[in-house]
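Enquirer: Residue numbers (the numbering used here): 186 to 447.
Yeah, the Cβ is synthetic: ideal placement off N, Cα and C, and Gly gets one too.
1) So residue 409 packs on residue 200, CB below 8 Å; how close in whole Å?
2) Using 8 Å for Cβ pairs, my map puts residue 356 next to residue 189. What's the rounded Cβ distance?
3) From what residue to what residue does the alpha helix (DSSP H) around residue 218 run?
4) Using a Cβ-Cβ distance cut-off of 7 Å, determine whether residue 363 contacts chain D.
5) Report, in whole angstroms, the separation of the C-beta atoms of residue 289 and residue 238, which I expect to be a contact under 8 Å.
6) In the DSSP assignment, find the unbroken alpha helix (DSSP H) run with residue 193 in it and report its ends.
7) Can you grab the Cα-Cα spacing for the pair residue 314 / residue 327, in whole Å?
8) In this structure, how does DSSP classify residue 407 when only helix, strand and coil are distinguished?
9) Return the CA-CA distance between residue 261 and residue 320, expressed in angstroms with no decimal places.
10) On the criterion of 16 or more Cβ atoms from any shown chain inside 10 Å, does residue 235 qualify as buried, or is it exposed?
11) Give the range of the beta strand (DSSP E) segment to which residue 303 is assigned.
12) Within the same chain, show all residues whose beta-carbon is closer than 6 Å to that of residue 329, passing over the 5 residues directly before and after it, in chain order.
13) Which residue or residues does DSSP assign as beta-bridge partners of residue 222?
14) For residue 304, which residues of its own chain have a beta-carbon under 8 Å away from its beta-carbon, when the five flanking residues on both sides are left out?
15) So is residue 217 buried or exposed if we call it buried at 16+ other beta carbons inside 10 Å?
16) For residue 424, which residues in the same chain have their Cβ closer than 7 Å to its Cβ, ignoring the five residues on either side in sequence?
17) Please confirm whether residue 359 and residue 193 have their CB atoms less than 7 Å apart.
18) For residue 261, name the three-state secondary structure that DSSP assigns.
19) Please name the residue, chosen from 224, 211 and 215, that lies closest to residue 195 on a Cα-to-Cα basis.
20) Please report how far the alpha carbon of residue 213 lies from the alpha carbon of residue 432, in whole angstroms.
21) Do residue 406 and residue 249 have their CB atoms nearer than 7 Å?
22) Measure the C-alpha to C-alpha separation of residue 353 and residue 269 and round it to an integer number of angstroms.
23) In this structure, does DSSP put residue 283 in helix, strand or coil?
24) Below 8 Å on the Cβ atoms is my contact criterion, and I expect residue 362 with residue 331 to pass it. Report the Cβ-Cβ distance as a whole number of Å.
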């Protein structure tokens, strides 16, 4: 008897991705062991910090205290409004500038090669650089050049990287989608325009991919703006509620895998 290898696929969603912290808090509460993590965009950022060993409570406190000036560095808009240097510096500090092989558990970040139009799964080198690429929302953040690829936000091609975490070796996949589309989302500025455009694009791409998840967690955060990073506690709470709602089903699935035929 042995537990199946559990993979966690954390989806993109900008500010809504803070709901992942509530999900992680509940998974720890029920002592659900995570063997692999793959993330796209904000899911990559949260996933990498968890893979580094940072606990959800610390990350929630950090998110509540983080001010925009700590990560927003506007630049001349040649290929993006935000240069991303502050974000990468912050990530280097939080990850202690680790490389992927130094992480507490296997982690992958998904980005998009904007020149070739294909997904790129990053699993080697510096974690901070990989996550900086994965969160590079087109037009808002400058793309990242890694080796021979020009990379932008992973959500463009793979918002919830379920297939990636399966390829890493997961027997059972828990997927977290924090971007459930709502029928009306007010648009007030250029950031809202870009976030909402991505949200609409990704809706079609995602619908079939989610069917491959063994357990799907969808926090009810569609009413929260993608740029509303100040609503940390509300987002975390919705992540907790959504995770609690699937715990019974997850328990049944784990028992079936551990005791087939019973």
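Expert: Per the coordinate set shown:
1) 7 Å
2) 4 Å
3) Neither: residue 218 is in no alpha helix (DSSP H) and is coded neither H nor E.
4) The chain inventory of the structure shown lacks chain D, comprising one protein chain alone.
5) 5 Å
6) Taken as a continuous stretch (DSSP letters only), residue 193 belongs to no alpha helix (DSSP H), being part of the beta strand (DSSP E) at 191 to 195.
7) 13 Å
8) coil
9) Legend: pLDDT at residue 261 = 48, less than 50; position of this residue unreliable, value from coordinates given subsequently. C-alpha separation (whole angstroms): 19 Å.
10) buried
11) 303 to 307
12) 317, 318, 321 and 336
13) 193 and 292
14) 295, 296, 297, 298, 339, 342 and 343
15) buried
16) 204, 205, 206, 207, 208 and 404
17) yes
18) Note that residue 261 scores a pLDDT of 48, beneath 50, so its modelled location is shaky; the value from the coordinates is reported in the next line. Looking at residue 261 - three-state DSSP - the assignment turns out to be coil, as it is neither helix nor strand.
19) 224
20) 12 Å
21) no
22) 29 Å
23) coil
24) Not confirmed; about 26 Å, so no contact.
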